[in-house]
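Asker: Residues 439 to 623 (this note's numbering) make up the sequence shown, in order. For every residue, glycine included, the Cβ atom is placed at its ideal position computed from N, Cα and C. Mind having a look at this structure? Questions to follow.
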Amino acid sequence: MLPITPDELKICPAFRGLSDPDFKQLVVCMSRRYLAHAGMVLFENEVDSDAAYVIQSGILVAEMPVEGGVAVEMAKMGPGAVVGELCLIRGGPRSLRVKAISEAYLIRIDREKFVDLRRAKNSAAYTVIRNICLTMCDRLRKSNEFIERELRHETPMAADFTSTSEESLAERARTYLSKLFGRGS
439 MLPITPDELK ICPAFRGLSD PDFKQLVVCM SRRYLAHAGM VLFENEVDSD
489 AAYVIQSGIL VAEMPVEGGV AVEMAKMGPG AVVGELCLIR GGPRSLRVKA
539 ISEAYLIRID REKFVDLRRA KNSAAYTVIR NICLTMCDRL RKSNEFIERE
589 LRHETPMAAD FTSTSEESLA ERARTYLSKL FGRGS
């Protein structure tokens, strides 16, 4: 298996601001993962989180299972997006199921190995945590703005997402979350 290089990770916002030596320190907690076909599940909801994943190629979908075995699509994510990154900050059960829509190549970041870097006060690990927190703050702020506009029955701004008057709230939220969480189409 080919080694993971800094260039493969630089497209991902979670790794911005890291030098090549920083990347080399982080590679100890990374491995490659391949999802061979559409429908392969990366992880299920309510299962303890053990890793985060950087999407190198392919499209993944985050789903929320609801009653009756149905799943509501929450977001689509593509190359450069990180999935399950909160486990690098704090462990716990997954909130969504994530599966492949197409063949996908991923970089897996092992939670326990990353936690070991944090315990060793590794500056690269703390830079990644900071970047994840900044991304999560932006997502939360934008989600709050979206909810506020919906509650006021305001038309969402075109910069956020495109919608038609016939689109349901769920469809608008799904489109919005896909753009917010990743580069999926």
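(1) Using 10 angstroms around the beta-carbon of residue 559, count the other beta-carbons present and answer buried if the total reaches 16, otherwise exposed.
(2) Give the single residue among 518, 511, 451 whose Cα lies nearest to the Cα of residue 535.
(3) Using a threshold of 7 Å, state whether the C-beta atoms of residue 545 and residue 442 are closer than that.
(4) Which partner residues of residue 451 appear in the DSSP bridge assignment?
(5) Please report the residue range of the alpha helix (DSSP H) in which residue 566 lies.
(6) Please list, in chain order, all residues of the same chain as residue 556 whose beta carbon is under 8 Å from its beta carbon, the five residues on each side excluded.
(7) Is residue 547 near residue 517, with beta carbons less than 7 Å apart?
(8) Determine the extent of the alpha helix (DSSP H) in which residue 459 is found, giving its start and end residues.
(9) Going by alpha carbons, who is nearest to residue 543 out of 581, 561, 575, 521?
(10) Please report the distance separating the alpha-carbon of residue 596 from that of residue 466.
(11) Report yes or no: do three or more beta-carbon pairs, one from the stretch 524-538 and one from the stretch 453-463, lie closer than 8 Å?
(12) What would DSSP say about residue 531, mapped onto helix, strand or coil?
(13) Could you give the residue range of the alpha helix (DSSP H) that holds residue 555?
(14) Kindly indicate which three-state DSSP category residue 441 falls into: helix, strand or coil?
(15) Does the beta-carbon of residue 582 have 16 or more other beta-carbons within 10 angstroms, so that it is buried, or is it exposed?
(16) Using the three-state DSSP reduction, which class does residue 505 fall into: helix, strand or coil?
Answerer: Judging by the given coordinates:
(1) Result: exposed.
(2) 511
(3) yes
(4) Residue 451 pairs with nothing; no bridge assigned.
(5) 561-589
(6) 563, 564, 567
(7) A distance of 7 Å or more separates the beta carbons of residue 547 and residue 517.
(8) 458-464
(9) 521
(10) Note on residue 596: pLDDT 39, under 50, position unreliable in the model; the coordinate value appears next. Using only the alpha carbons, I get a separation of about 42 Å.
(11) no
(12) strand
(13) 549-557
(14) coil
(15) exposed
(16) helix
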